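FYI, full-length UniProt numbering numbers position 42 of the sequence shown as 42, with every residue one higher than the one before it. Where is the CB? At the ideal position from N, CA and C, for every residue including glycine. Computed from a predicted structure; not experimentally measured. This report concerns only the one structure given below.
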Amino acid sequence: MNLNRLLVGSVLGLLFLVMSGSLFLLVRENHNLKEAATESQSIAFEDSYSSEEIEKLNQEDVRQTDASAKALFVEGVFQQFLPYTEDTYLSRFDGVADKLDDAVLDQLKGMVATLEPGIQVQNTVQDLAVYTKGTDTDHYLVVARVSLQVGEGIDSVYTQVYQATLAPGEPYRIQSMASLGSITPFDRE
């Protein structure tokens, strides 16, 4: 009987060791599989996130490039017609006629005298800045610092503010423009 008990105890002990070892190996393999699955999901998420992020960045680049091109167009138009002399006073709009809707061109021509000045005049652009709202790339605020000299007088420096709106599509055209006024520095002396 002792021998039977010893044999049964040995078999049970051996069975316990085998099962414990198997359980340990299964737990370890399960842990490794979970780590591999988590890493795989993490990589897949990172790849998905990267693709989405790259797509957003590409769209943002296109929008910024489009906004920059439009802003440069608006700046170019103002750089063409704001500077003038007595000789180019009336003809300065000819260079931008194809960049403005007819109503805008008529409006600009209507804001100036219809005859050449007859005296020496020089209007010079000292600084020009074009601003836009990031989400609306068709509306611009143009701030121009200009210097006007009439005859032999001293230069009068002032800031002109305009609002310009582009027509949709290409080629770019300014479909509306408004002069928001002038700002002249005030000296208290």
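Asked: DSSP three-state assignment for R145, whether helix, strand or coil; Found: strand
Asked: Collapsed DSSP secondary structure at T38 in the structure displayed; Found: helix
Asked: Endpoints, the beta strand (DSSP E) within which L108 is located; Found: Where L108 is concerned, there is no enclosing beta strand (DSSP E), although the alpha helix (DSSP H) it sits in stretches over D102 to G110.
Asked: Minimum C-alpha distance to L180 - residue among T165, G169, L166 and V161; Found: V161
Asked: Own chain, CB closer than 6 Å to R92, minus 5 neighbours either side, in chain order; Found: F81 and Y84
Asked: At least 3 beta-carbon pairs within less than 8 Å: the stretch 161–180 vs the stretch 133–150; Found: yes
Asked: Where the beta strand (DSSP E) containing D127 begins and where it ends; Found: V121 to K133
Asked: Three-pair Cβ contact test at 8 Å for the stretch 145–158 versus the stretch 91–109; Found: no
Asked: Selection from T184, I183, P185 and I174 that minimises the alpha carbon distance to E75; Found: I174
Asked: Whole-angstrom distance between Q79 and Q126, CA atom to CA atom; Found: 10 Å
Asked: Interface flag, I174 vs chain D, CB-CB below 8 Å; Found: Given the protein chain composition of this structure (a single chain), no chain D is represented.
Asked: Distance between D101 and K133 (C-alpha atoms, nearest Å); Found: 22 Å
Asked: Collapsed DSSP secondary structure at G95 in the structure displayed; Found: helix
Asked: Proximity to L69 [Cα-Cα], best of M177, P171, A178 and S176; Found: For the sequence presented, residue 69 should be read as Ala rather than Leu. For A69, the nearest C-alpha among the options comes from P171.
Asked: Per-residue burial, V130 [other beta carbons within 10 Å of its own, 16 or more giving buried]; Found: buried
Asked: Local conformation of D66 per DSSP, three classes; Found: helix
Asked: Three-state secondary structure (DSSP) of L180; Found: strand
Asked: Best match in S10, Q149 and A36 for proximity to P117 [C-alpha to C-alpha]; Found: Q149
Asked: Contact check, M177 vs V112, beta carbons under 8 Å; Found: no
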